[in-house]
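The numbering used here puts the first residue of the sequence shown at 82, with every later residue one more than the last.
The structure appears below as C-alpha cells.
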Amino acid sequence: MAISYRAEVQRVLVITLVLNILVAVLKAIIGSLTGSLSLIADALHSTTDGVNNILGLVTNHLSSPEPDRDHPYGHQKFEALGALGIAAFLGIACYEIIQGAIARLLNAADPVQVSGLDLWVLLGVLGINIGVAVYERRVGHRIGSTILIADAYHTMSDVWITISVLAGLIGIWIWDIQWLDLALVFPVVILVAQSCWSVLKANLPWLVDEVAIAPEAIQAAALEVPGVLNCHNIASRGMMGRQIFMEMHLVVEAADVKTAHDITEQVEDHLNQKYGPARINIHIEPPSYQSDQVDYRPEPH
C-alpha cells in the first residue's frame, strides 16, 4: 500500500515535470518573439513549477512511511516540508510579479508585437497548464498526497497568470492597448497569495503537532468498548487518513493484567477502525482512579 502510494506520487510528478518544462520553454520563446515582458516573466514563473516537481520527487523519496531507528514516528513530515517549500516558491512568485510590474510602470518598454499564431500557441499552453493542475489535484485528493495537492495549487497560480497575460496580448493584438499587458497582472498577485496561504494552512498544523482529533471524540469512541470505565489525558497529532498518533490514560474494569491488556487491544482496534491508521499509546490506571480532565495536561511538579 505505502509502496504503491509513493510510486504513484513519483509517476505523477515525473509526468508533470516534463509538461511544465515544455510550457516554460514555449512561453519563453513566444515572449522573446513578441517582446512581451509579462510573458517572459510568466515563463520564469513557470520554471518554478518544474523546480517544485523536482522538490516533490526528492521529498517523496525521503518521506518513507515506515519508521526506523532514527525516525521512530516515520518520515511523513518530509512531505509536508516539501509542500511548505512550494509555498515559499509561491511567495517568491508574488514578489517577482510585483517587482516586474513596478519596473514596467517606471520604465518605458518597446511595444509588444503579437500574431494570431502566438495566441493559438498560448491557448495550447494554457490547456496543458489546466490539465496538469486538474490531474495533480484529482490524484492528490484520491491518494491523500499533500505534495501533489500543494503543487496543483501552484500550477493553478500559473494558469491564472497565463490567462491574464493572454488577455492582455489579445487586447494588444486587436486594439493595440499596450497597457493591458501590465494592468491585468495585478489581480493575479492576489490569486497567487491565496494559493500560498492555502498551502500553509493545510500543512502548518501537521508540522506544529496541532490536535488531530478532538479529545472528546476519542473519549466517546473509547467508552464504546465494553470494560472501559474512564478515558482522560487524551492527546492526538498527525493527519487524518495518513497517520494519527494518540495517547491516553484509561481506566478499565479488569481483575488482572491479562484482562486489562485485552480491553486496551479492543480500544486500539476500535479507534483504528474509526480514525486509522493510528499508533496508540495507552496508560492503564487502577479501577479506583477517576478523572474529568479529558484533554492532555502535564502533571504538576
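All residues carry an ideal CB built from backbone N, CA and C; glycine is no exception.
In this text, all values refer to a predicted model and were calculated from it rather than measured experimentally.
Can you give the beta carbon distance from residue i to residue j, rounded, assuming they're within the 8 Å contact cut?
| i | j | result |
| --- | --- | --- |
| proline 386 | valine 332 | Residue 386 lies beyond the residue range present for the chain, which begins at 82 and ends at 382; the question has no answer from this structure. |
| aspartate 262 | serine 117 | 6 Å |
| methionine 321 | isoleucine 363 | Not quite, the Cβ-Cβ distance comes to about 20 Å (not below 8 Å), so this is no contact. |
| aspartate 40 | asparagine 210 | In the structure displayed, the chain extends from 82 to 382; residue 40 sits before or after that span and is not available. |
| aspartate 130 | valine 246 | About 15 Å separates the two Cβ atoms, so there is no contact after all. |
| glutamate 334 | glycine 308 | 5 Å |
| leucine 352 | alanine 302 | 6 Å |
| valine 280 | leucine 171 | 7 Å |
| valine 202 | isoleucine 102 | With a Cβ gap of about 16 Å, valine 202 and isoleucine 102 do not count as contacting. |
| asparagine 133 | histidine 222 | Asparagine 133 to histidine 222, Cβ: 18 Å. No contact. |
| glycine 166 | leucine 136 | 5 Å |
| valine 104 | valine 206 | 5 Å |
Would you kindly report the start and end of the unbroken beta strand (DSSP E) that includes residue i?
| i | result |
| --- | --- |
| cysteine 328 | Here residue 328 is glutamate; the residue named in the question, cysteine, does not match the sequence. Counting along the chain, the beta strand (DSSP E) containing glutamate 328 begins and ends at 324 to 333. |
| histidine 152 | Premise fails: histidine 152 is in no beta strand (DSSP E) and is neither H nor E. |
| valine 309 | 309 to 320 |
Going by DSSP, which residues form a beta bridge with residue i?
| i | result |
| --- | --- |
| alanine 359 | Ile325 |
| aspartate 376 | Ile315 |
| glutamate 52 | Residue 52 is absent from the structure shown; the chain starts at 82 and stops at 382. |
Along the alpha helix (DSSP H) that carries residue i, what are the first and last residues, could you check?
| i | result |
| --- | --- |
| glycine 116 | Glycine 116 -> no alpha helix (DSSP H), and no H or E assigned at all. |
| glycine 252 | 227 to 256 |
| Entirely enclosed alpha helix (DSSP H) segments - the segment 258 to 302, minimum 4 residues | 261 to 264, 267 to 288
| request: Jot down the residue ranges of each uninterrupted alpha helix (DSSP H) in the segment 153 to 222, minimum 4 residues, whole runs only, in chain order. | output: 158 to 187
| Are the segment 309 to 319 and the segment 282 to 296 touching, with three or more C-beta to C-beta distances below 8 Å? | yes
| How about the segment 258 to 275 and the segment 107 to 126: do they share at least three Cβ pairs that are nearer than 8 Å? | yes
| task | Decide yes or no for the touch test of the segment 180 to 188 against the segment 239 to 252: beta carbon pairs closer than 8 Å, at least 3 of them. | result | no
| Cβ contact (3+ pairs, closer than 8 Å) linking the segment 277 to 289 and the segment 224 to 240 | yes
| request: Please confirm if the segment 152 to 165 is in contact with the segment 214 to 223, defined as three or more CB-CB distances below 8 Å between the two stretches. | output: no
| query | Would you say the segment 268 to 277 touches the segment 175 to 182, given that touching needs at least three Cβ pairs under 8 Å? | reply | yes
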